[in-house]
Amino acid sequence: MSTRTESVDLVGDEAAVNLTRAALFAALVGAFAYVTFPNPVSPVSVTLQVLGVFLAGIYLGPVWGPAALVLYLVAGALGAPVFEGGSAGVGVLVGQSAGYLWSYPLAAGVVGAVVHRGTALRDPAAAGLVTLVAAMTLGTVVVYGLGVAGLMLVLSLGPVEAATVGALAFLPAEALKLAAAVGIVRSDAIAAA
Amino acid sequence: MTLGYVPGDSLAHRLDPRSKLLVQVGFATAAYAHTTPRGLAALTLLAAGCLWAAAGDLDDLWAYRFALPVLLLAPLVAGATLGEPWFRVDRAGAAALASYRVLLLLVVAAAYVRSTPVRDSRAAIQRTVPGRAGAFLGVGVGLVFRFLPLLRRDLLAAREAIRARGGGRLPVHERMRLIAVAGTNRAFDRADRLGTALAARCLAWNPTLPRLAFGPADYPALALGVGLLASAATAAI
């Protein structure tokens with residue numbers, strides 16, 4: 017019987033915590049896909065996923081926030097039921113919601129970079145109201161900009177048609193999520209941040 | 007019903023996950039390159055074959071029902087015009103083909119998800135992506151699969167608790183805030199405990215992965231994947 021020896025390359029304590037936080041946040045964004053709320057202007061209900069993207073940028077920062085969302089996309093592609101309505105698979109990443117999904121890591125990076133003003137993390141509650149709102153508005157622009165572009169490419173629609181199908185009915189709900197996120201950050205309710 | 011891995015002994019279950027991923031990438035590229043009635047008819051047969059090879063049936067596609075409203079609406083919106091002739095059949099037809107193409111991609115994805123255990127998917131990604139990025143993705147994907155059901159339960163419990171305290175009367179953004187706070191706090195709590203525990207148990211960047219090896223059935227699958235990519239490339243040229 018042959019034996020094999022290999023040296024073990026240990027993950028440092030800080031990296032281990034960052035890695036688990038990113039993975040758990042990815043799972044949380046996936047779990048948010050199952051929480052639906054009535055949409056004020058449309059019969060199609062909304063989920064909390066984009067709120068999860070905002071919070072990933074705010075609490076994990078511009079490096080680990082996007083990393084968490086990359087994990088979310090990879091896990092979903094490999095079969096974790098984390099996409100809308102508990103769906104999964106590579107097909108979803110090249111399907112009609114491709115633009116929205118691919119925009120998530122970028123949006124989390126934008127939100128994180130604006131809130132933390134660089135790669136070093138600072139207390140998000142210390143960021144002013146204007147900074148928070150600006151960060152998340154930019155994040156929403158990224159998500160819907162790429163989402164509508166994705167619809168145009170995947171479903172061969174024109175810009176107005178794609179915006180009608182994929183953005184108009186959902187933007188009012190995004191304002192609610194933005195208000196919820198501001199409430200979360202400013203209430204200091206997140207203990208571990 | 008959620009789509010997930012179902013143990014079995016079908017042809018797709020015996021394939022290496024890497025060849026199944028290559029077939030999916032090839033299929034998606036071919037579907038985008040050949041969005042014509044003839045191309046999609048051929049790909050329909052192939053997609054049905056993939057699902058059949060994974061011993062799947064139409065029930066497995068139920069998880070994708072949320073995609074249907076947009077896919078059905080897109081051709082109608084694309085065809086509608088303000089003014090004469092009010093509805094352009096050619097535009098609606100192009101959008102309908104594009105919608106149908108997405109459905110086919112979802113069928114092939116369902117075949118993969120049904121026939122591939124998480125451990126194999128994780129090993130495939132870790133062996134394909136080099137270095138620490140691959141290790142990060144591998145460990146992270148494993149943890150997402152492990153913790154998704156727990157966090158879903160946390161959110162459900164939070165929702166029940168809010169409802170029991172008359173939270174149904176609160177404005178929507180307030181309910182969103184309460185659920186997100188509960189979920190995020192539980193996620194951070196679990197992550198910090200898990201991070202400490204993993205560091206204490208010598209979490210390594212180079213863990214021992216399950217063995218993956220291409221078997222005889224993998225070579226036709228790899229050839230199929232490469233063939234699909236080649237057909238897309240020739241169509242693009």
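Protein sequence lines correspond, in order, to chains C and L.
In this text, residue positions in the first sequence follow my numbering: the first is 17, and each later residue adds one.
In this text, residue positions in the second sequence follow my numbering: the first is 7, and each later residue adds one.
The beta carbon of each residue, even a glycine, is placed where N, CA and C say it ideally should be.
| Asked | Found |
| --- | --- |
| 8 Å Cβ cutoff met for L143 of chain L and P97 of chain C | no |
| Three-state secondary structure assigned by DSSP to V24 of chain C | coil |
| Check whether A212 of chain C and A38 of chain C have beta carbons under 8 Å apart | This structure gives no information on residue 212 of chain C, because the portion of chain C shown stretches from 17 to 209. |
| Where the alpha helix (DSSP H) through F151 of chain L begins and ends | 137-170 |
| Three-state class that DSSP yields for A207 of chain C in the structure shown | coil |
| Chain L contact for P78 of chain C (CB, 8 Å cutoff) | no |
| L57 of chain L vs A223 of chain L beta-carbon contact at 8 Å | no |
| Simplified DSSP state of S16 of chain L, which is helix, strand or coil | coil |
| Sub-8 Å separation of A75 of chain C and P175 of chain C beta-carbons | The sequence given here places Tyr at residue 75 of chain C; Ala does not occur at that position. For Y75 of chain C and P175 of chain C, no; Cβs fall outside 8 Å. |
| Paired residues, beta bridge with V62 of chain C - DSSP | C:F53 |
| 8 Å Cβ cut-off: residues of chain C touching I185 of chain L | V51, L64 |
| Beta-carbon proximity list for Y210 of chain C, same chain, < 6 Å, skipping 5 on both sides | Since the first and last residues shown for chain C are 17 and 209, residue 210 of chain C lies out of range. |
| Pick from L:R192, L:A186, L:R71 that is closest to V201 of chain C, judged by C-alpha positions | L:A186 |
| Inter-residue Cα distance where the pair is G125 of chain C and D15 of chain L | 43 Å |
| Exposed unless 16 or more other CB atoms sit within 10 angstroms - verdict on G137 of chain L | exposed |
| Any C-beta of chain L under 8 Å from that of T135 of chain C | no |
| Between the CA atoms of I206 of chain C and D160 of chain L - distance to the nearest angstrom | 15 Å |
| C208 of chain L versus C:V24, C:R20, C:T19, residue with shortest Cα-Cα distance | C:V24 |
| Entirely enclosed alpha helix (DSSP H) segments - the segment 25-83 of chain L, minimum 4 residues | 43-59 |
| Interface residues of the segment 181-201 of chain C facing chain L [CB-CB below 8 Å] | V181, G182, L192, K193, A195, A196, A197, G199, I200 |
| For V150 of chain L and A43 of chain C, believed in contact at Cβ under 8 Å, the rounded distance | 5 Å |
| T180 of chain C classed as buried or exposed, judged by whether at least 16 other C-beta atoms fall within 10 angstroms | buried |
| Neighbouring residues, chain L, relative to S18 of chain C (Cβ below 9 Å) | None at all; the shortest Cβ gap to chain L is about 15 Å. |
| Proximal residues of chain L, C-beta to C-beta of A47 of chain C below 8 Å | L154, L157, R158, D160, L161, G189 |
| Contacting positions in the segment 140-168 of chain C - beta carbon closer than 8 Å to chain L | L167 |
| Short CB-CB distance (under 8 Å) between R196 of chain L and chain C | yes |
| C-beta neighbour in chain L for S61 of chain C, strict 8 Å | no |
| Residue burial classification, I243 of chain L (beta-carbon count within 10 angstroms, cutoff 16) | exposed |
| Neighbourhood of P56 of chain C by C-beta distance below 6 Å, restricted to the same chain and skipping five residues each side | P188 |
| Test item: CB-CB of L33 of chain C and G148 of chain L under 8 Å | According to the sequence provided, residue 33 of chain C is Val. The question's Leu does not apply to it. No, Cβ-Cβ distance for V33 of chain C and G148 of chain L is not below 8 Å. |
| Contact the segment 100-118 of chain C vs the segment 217-237 of chain L: 3+ CB pairs below 8 Å | no |
| Under 8 Å by beta carbon: chain C residues contacting R165 of chain L | V51 |
| Integer-rounded CB distance, given that L167 of chain C should sit under 8 Å from G182 of chain C | 5 Å |
| Chain C residues whose Cβ lies nearer than 7 Å to that of F93 of chain L | The contacting residues do not exist; F93 of chain L stays about 13 Å from chain C at best. |
| Segments assigned alpha helix (DSSP H), at least 4 residues, entirely inside the segment 63-95 of chain C | 65-93 |
| Whether F48 of chain C touches L35 of chain C by CB criterion (8 Å) | no |
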